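Participant: The structure under discussion is supplied below as structure tokens; questions concerning it will follow.
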Amino acid sequence: MNARIVVSVLTAVLLGTGVIETPWALSKLTADGTRARAVIPALRTDAPAFQTDIPRDYLAAAQATIPKHASYYVDQGPKYVSGNPLMAPSVKPVTAFELYPRRPLTEPQPGAWLICYGCDLDRWNGKASFSWEEGPLAIGRIEP
Amino acid sequence: MTAGDLVALAAAQALYFLAGTGITAASAALAGRASLGSRPAVSWLAGLAGTTLVVMDLAIAGVRPTRVVVVAVAVVIAAAGSLVALRRGLTIRTARFDRRPPLGPFAPVGLVCAAVTGVVLAAMLDASWDRGVANYDSWTFWVPKALILHYFGLDAGSIGNVLAPSDPIFAPALQASVFGIAGSGDTMLPSVLYVVLLIAVVLAAAALLRQIAPAALVWPALLLLVVMPEVVRRVMAPEGDLPWQYFFGLGTVVVLLWAVHRRTDLLPVGALFLAAAATTKREGLLAFVVLSVASGILVTPELRHRWRGPAACGIFVALVAAPWWVWTQMHLHTAGSANAALAIGALVVGGIGWNVARLGRWALLVGAVAVVVIGVPAVRLLRSGGETHIDQLPAALHVAAWDLFDPSNWVLASFVCLPLLAATVYFDRHGRVVPFVLFVSAGLFGVFVIRLLNFPLAWYPHPSLTPARRNMASIVLLWLFVTPFAVARLGDITQLVPRRLAVLLDRNVPFATAAVCAPALLLVFVASARGEFSVAAPSCEVPVTNPADAAFVFGHVPTNSAAHALQQQVQKVGFMGTVIAADPCGRFRVMIPHVSTHVAEQERQEAAHVGIHGTIEQTTWTG
């Protein structure tokens, strides 16, 4: 077979493939855009919390309680249970993502803010005072 | 997206264009050209890469990417480039971009494809507008790294806290630059920025390829690039995968333009693209090494006399990439030694490897030694993610090959481009372009198969969920960028089709363009406006991807209280063990989670008996 014919046929297939696939791409992009707009504007930055079932009330409370540019430490414990397997490994990344420019700490520091996410509150008795509590979730400040 | 964000995004692109014009002016003047020697889109992307690389290395040196810093970097690059150009004899009068090359044969085909590509890119921009950061890797480390750079600078404590801390920071630096100009870390910005990046890439690719290939070859390939399912799915995810692959593909095109068409003036632009690839992901650095080895081994006798430019290019890439690996070794202690050794290996191969050209018949031997020199640290780097399962080699080969050709990722791109490249070898038997590209492709395939040995493949419910698909994208994108180049080497493409058809199409280009383009464009716009393309109705349902972890969903409701009411309603008719969870639209799902699709189907039938019409979905979802 003439190789020139092979090249011309394959070039035509390349062209045809792109044209044929275009409606699917436009359909997918239209659906993506519509779905993104279906989310309430105030919640559009909360996608990580939706995906992992981390309570938005808790994130909103943390944003309201901890001042911008402050530092905080997340003490995560087993007391908050979720059926979503992504939740446990995602608590710290999601919290950090939602709380920037507040700075996450790897170790608790005197005077820093404290987030107890299912932790043992008794452990912080006398060492921290909490200003927001809801079940096994609490936000407070480590004593200076 | 706020109006301020939009202004910042536009201002950033203007700054990149300014810096890029300085870069292209200097490189044209240094190569002895009287004009700028390229098109504006090339300057735009070169400016984006150059400015971001400097911002990135400044961040590693401790300078936070604020508005002042980003503007100063772009202005200094533009001024320095202009100064070099003027000193080397380029005058204001002659410093113009090249005129657009003639459209070439079958112009209407190229113009229609260009127009449809524009429509798809516009749809991407529209879809990205109200989209937050929804992909797991994006919100666990890519965007957090950008926010850390924006708010704290390169703070080791904060970077060490995110997942994958040692992945390089070109992409976060790009996002942080726009955050810096906007003056806020608005996480709605990155998705739009990534679509703008793709627009710049498509225009730059067209500008580079159109210098040697007619529009009828270039634009079909670029149209296929933007409609491929994997690109459509990932383009708005602010991650590192697609960006390094864009830059690597274009860097390779520039290397070919230098080798085949003596475009020495474009080499600095190619160096910037390859440096951007090497500093976006570890895979990009490995790909650069593969490219350097291929260049060293497959060099032609004629090119042996022109080794200084590529050698400088290789050294530049290694020098730009090295600070990050030194920083990770000093501050994070994560695989730093292997990575630094790899950067040095890149330096050896990128710089000295090109000099292999001077060694004549010893080239192959030195190339083989270079492979060993970089092979050891490369394997160490690949192993740094965990234990290597050598027994998985057959499975890894299967998964990689599957993902390279799977039509659900690339439609027919792999099935068309590979035979097309092979067919051009038949014609151009003495040419080195396609063997070079196939060598690079094989190298990338091998490197990524080795990488797959780190992953417990049995853990993945489906091969498409392994990193193989994201890695194989680099090969498919490379093929798409290079195919027009390779086919154009065969000569006048009108010879490839019956002469009568060629004459008919080319006799009156404007008429033919109008006759073909206008109805096609009208059809696309009318159909879009009527929602004809919305065949996949927008849905808040989560499709089942893992049948072992499905859920039976009783309904999607807008409020928490409505969800509790629905939960009580279904409990009254006997459905216990329900939970309330979020859906992708910010509403609430009441569901029985973590069941197989078989069990979910039984639940669905039972619910239908009592008048509840639910859906079977995935229990958890990611963007």
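Taken in order, these protein sequences are the chains called A and H. The opening position of the first sequence corresponds to residue 1 in my numbering, with each subsequent residue numbered one higher. The opening position of the second sequence corresponds to residue 1 in my numbering, with each subsequent residue numbered one higher. Note that beta-carbon positions come from the ideal geometry of N, C-alpha and C, so glycine has one too. Source: prediction; values computed, not measured.
Buried or exposed: where does Met-236 of chain H fall if 16 or more other Cβ atoms within 10 Å of its Cβ makes it buried?
Facilitator: For the purposes of this step, residue 236 of chain H is taken as residue 236 along the second sequence, with counting starting at 1. Met-236 of chain H should be labelled buried.
Participant: Could you compute how far the alpha carbon of Leu-208 of chain H sits from the alpha carbon of Thr-597 of chain H?
Facilitator: Position 208 of the second sequence, counted from the start, is the residue given in the question as residue 208 of chain H. Position 597 of the second sequence, counted from the start, is the residue given in the question as residue 597 of chain H. C-alpha separation (whole angstroms): 50 Å.
Participant: Is Gly-4 of chain H close to chain A, meaning its C-beta is less than 8 Å from at least one C-beta of that chain?
Facilitator: Indexing the second sequence from 1 puts residue 4 of chain H at position 4. False, the Cβ-Cβ gap to chain A never drops below 8 Å.
Participant: Cβ atoms of Pro-65 of chain H and Gly-180 of chain H: under 8 Å apart, would you say?
Facilitator: Your numbering for residue 180 of chain H matches position 180 in the second sequence. Your numbering for residue 65 of chain H matches position 65 in the second sequence. Yes, they are a contact pair.
Participant: Identify which residue in H:Cys-540, H:His-594, H:Asp-583 has its Cα closest to the Cα of Asn-546 of chain H.
Facilitator: Position 546 of the second sequence, counted from the first residue, corresponds to residue 546 of chain H. Asn-546 of chain H has its Cα closest to that of H:His-594, out of H:Cys-540, H:His-594, H:Asp-583.
Participant: Terminal residues of the continuous alpha helix (DSSP H) containing Gly-555 of chain H?
Facilitator: The residue you call residue 555 of chain H lines up with position 555 of the second sequence. Here Gly-555 of chain H belongs to no alpha helix (DSSP H); instead the beta strand (DSSP E) covers 550-557.
Participant: Would you say Thr-280 of chain H and Phe-316 of chain H are within 8 Å of each other, going by their C-beta atoms?
Facilitator: Sequence index remark: in the second sequence, residue 280 of chain H carries index 280 (1-based). Sequence index remark: in the second sequence, residue 316 of chain H carries index 316 (1-based). No, Cβ-Cβ distance for Thr-280 of chain H and Phe-316 of chain H is not below 8 Å.
Participant: When DSSP labels each residue in this structure, what does Ala-600 of chain H get in the three-state scheme?
Facilitator: Here the question's residue 600 of chain H lines up with position 600 in the second sequence. Three-state DSSP puts Ala-600 of chain H in a helix.
Participant: If we define contact as Cβ-Cβ less than 8 Å, is Pro-101 of chain A a contact residue for chain H?
Facilitator: Taking the first residue of the first sequence as 1, we reach residue 101 of chain A at position 101. Judged by the 8 Å Cβ criterion, Pro-101 of chain A is in contact with chain H.
Participant: Would you report the Cα separation of Gln-569 of chain H and Ala-608 of chain H, rounded to the nearest angstrom?
Facilitator: For this step, residue 569 of chain H is matched to residue 569 along the second sequence. For this step, residue 608 of chain H is matched to residue 608 along the second sequence. When rounded, the distance between both Cα atoms is 14 Å.
Participant: Nearest chain H C-beta to Pro-67 of chain A closer than 8 Å, yes or no?
Facilitator: Along the first sequence, read from residue 1 onward, the residue named residue 67 of chain A stands at position 67. Chain H, which has no Cβ nearer than 8 Å to the Cβ of Pro-67 of chain A, makes this no.
Participant: Evaluate contact between the stretch 15-32 of chain H and the stretch 88-95 of chain A, counting only Cβ atoms and requiring at least three cross-stretch pairs below 8 Å.
Facilitator: Touching, no.
Participant: For Gly-249 of chain H, which of H:Thr-483, H:Ala-565, H:Met-576, H:Val-544 has the nearest alpha-carbon?
Facilitator: Along the second sequence, read from residue 1 onward, the residue named residue 249 of chain H stands at position 249. It is H:Thr-483.
Participant: Mind listing the chain H neighbours of Thr-106 of chain A? Cutoff is C-beta to C-beta under 7 Å, in chain order.
Facilitator: For this step, residue 106 of chain A is matched to residue 106 along the first sequence. Within chain H, the residues near Thr-106 of chain A are Gly-157, Asn-161.
Participant: With the cut-off set at 8 Å, would you say Asp-130 of chain H and Arg-123 of chain A are in Cβ contact?
Facilitator: Stepping through the second sequence from its first residue, residue 130 of chain H is reached at position 130. Stepping through the first sequence from its first residue, residue 123 of chain A is reached at position 123. In this structure, Arg-123 of chain A does not lie closer than 8 Å to Asp-130 of chain H by Cβ.
Participant: Given this structure, state the Cα-to-Cα distance separating Phe-273 of chain H from Gly-577 of chain H, to the nearest angstrom.
Facilitator: Sequence index remark: in the second sequence, residue 273 of chain H carries index 273 (1-based). Sequence index remark: in the second sequence, residue 577 of chain H carries index 577 (1-based). Roughly 54 Å separates the two Cα atoms.
Participant: Gly-18 of chain A versus chain H: which residues are under 7 Å apart at the beta carbon?
Facilitator: The count along the first sequence starts at 1 and reaches residue 18 of chain A at position 18. Near Gly-18 of chain A (Cβ distances below 7 Å), the residues of chain H are Cys-113, Pro-220, Leu-223, Leu-224, Val-227.
Participant: In angstroms, rounded to a whole number, what distance separates the CA positions of Ala-182 of chain H and Leu-59 of chain A?
Facilitator: Looking up residue 182 of chain H in the second sequence gives position 182. Looking up residue 59 of chain A in the first sequence gives position 59. Spanning the two alpha carbons is a distance of roughly 25 Å.
Participant: For the stretch 47-73 of chain A, enumerate the residues whose C-beta is nearer than 7 Å to any C-beta of chain H, in chain order.
Facilitator: Taking 7 Å as the Cβ-Cβ cut-off against chain H, the residues of the stretch 47-73 of chain A that qualify are Ala-47, Pro-48, Phe-50, Gln-51, Asp-53.
Participant: Exposed or buried, Lys-572 of chain H, counting other C-beta atoms within 10 Å across all chains shown (16 or more means buried)?
Facilitator: For the purposes of this step, residue 572 of chain H is taken as the residue at position 572 of the second sequence. By the neighbour-count rule (16 or more Cβ atoms within 10 Å), Lys-572 of chain H is not buried but exposed.
Participant: Nearest to Ala-127 of chain H by CA position, among H:Leu-193, H:Ser-158, H:Pro-144, is which residue?
Facilitator: Translated into positions along the second sequence, residue 127 of chain H becomes position 127. Among H:Leu-193, H:Ser-158, H:Pro-144, the Cα nearest to that of Ala-127 of chain H belongs to H:Leu-193.
Participant: Go to Asp-75 of chain A, then tell me how far its beta strand (DSSP E) extends in each direction, as first and last residue.
Facilitator: For the purposes of this step, residue 75 of chain A is taken as the residue at position 75 of the first sequence. Unbroken beta strand (DSSP E) run through Asp-75 of chain A: 71-76.
Participant: Can you list, in chain order, the residues of the stretch 173-201 of chain H whose Cβ is nearer than 7 Å to any Cβ on chain A?
Facilitator: Residues Gly-185, Thr-187, Met-188.
Participant: What are the start and end residues of the beta strand (DSSP E) that includes Arg-87 of chain H?
Facilitator: Start at 1 with the first residue of the second sequence, and residue 87 of chain H comes out as number 87. Segment 67-87 is the alpha helix (DSSP H) holding Arg-87 of chain H; no beta strand (DSSP E) there.
Participant: What residues are listed by DSSP as bridge partners for Phe-588 of chain H?
Facilitator: Sequence index remark: in the second sequence, residue 588 of chain H carries index 588 (1-based). BP columns for Phe-588 of chain H point to H:Val-557, H:Ala-582.
Participant: Would you identify the three-state DSSP class for Pro-211 of chain H, choosing helix, strand or coil?
Facilitator: The count along the second sequence starts at 1 and reaches residue 211 of chain H at position 211. In the sequence on display, residue 211 of chain H carries Gln and not Pro. Here Gln-211 of chain H sits in coil by DSSP.
Participant: In the DSSP assignment, what residue or residues form a beta bridge with Ala-138 of chain A?
Facilitator: Against the first sequence, residue 138 of chain A aligns to sequence position 138. Ala-138 of chain A pairs with A:Cys-116, A:Glu-133.
Participant: To the nearest whole angstrom, what separates the beta carbons of Ala-61 of chain A and Trp-113 of chain A, a pair I think is in contact under 8 Å?
Facilitator: Against the first sequence, residue 61 of chain A aligns to sequence position 61. Against the first sequence, residue 113 of chain A aligns to sequence position 113. That pair is no contact at about 12 Å.
Participant: Leaving aside the five residues before and after Met-1 of chain H along the sequence, list all residues of the same chain whose C-beta is less than 8 Å from its C-beta, in chain order.
Facilitator: Residue numbering aside, residue 1 of chain H sits at position 1 when the second sequence is read from its first letter. These residues qualify, in order along the chain: Trp-129, Asp-130, Asp-186, Met-188, Leu-189, Val-192.
Participant: With C-beta atoms as the reference, is Val-84 of chain H less than 8 Å away from Ala-26 of chain H?
Facilitator: Your numbering for residue 84 of chain H matches position 84 in the second sequence. Your numbering for residue 26 of chain H matches position 26 in the second sequence. In contact: Val-84 of chain H and Ala-26 of chain H (Cβ atoms closer than 8 Å).
Participant: State the DSSP-derived secondary structure class of Ile-612 of chain H, mapped to helix, strand or coil.
Facilitator: The residue given as residue 612 of chain H occupies position 612 in the second sequence. In this structure, Ile-612 of chain H counts as coil in the three-state DSSP scheme.
Participant: In the DSSP output, which residue or residues are listed as bridge partners for Val-595 of chain H?
Facilitator: In the second sequence, the residue the question calls residue 595 of chain H occupies position 595. Paired residues: H:Ala-550.
Participant: Examine the Cβ distances between the stretch 29-47 of chain A and the stretch 102-118 of chain A and report whether three or more of them are shorter than 8 Å.
Facilitator: Touching, no.
Participant: Which residue marks the beginning of the beta strand (DSSP E) containing Leu-105 of chain A, and which one marks its end?
Facilitator: As a working note, residue 105 of chain A is residue 105 in the first sequence. Per DSSP, Leu-105 of chain A belongs to the beta strand (DSSP E) from 103-105.
Participant: With Asn-161 of chain H as the anchor, note down where its alpha helix (DSSP H) starts and where it stops.
Facilitator: By one-based count along the second sequence, residue 161 of chain H stands at place 161. Start and end: 156-161.
Participant: For Leu-224 of chain H versus Leu-14 of chain A, is the C-beta spacing smaller than 8 Å?
Facilitator: Mapped onto the second sequence, residue 224 of chain H falls at position 224. Mapped onto the first sequence, residue 14 of chain A falls at position 14. In this structure, Leu-14 of chain A lies closer than 8 Å to Leu-224 of chain H by Cβ.
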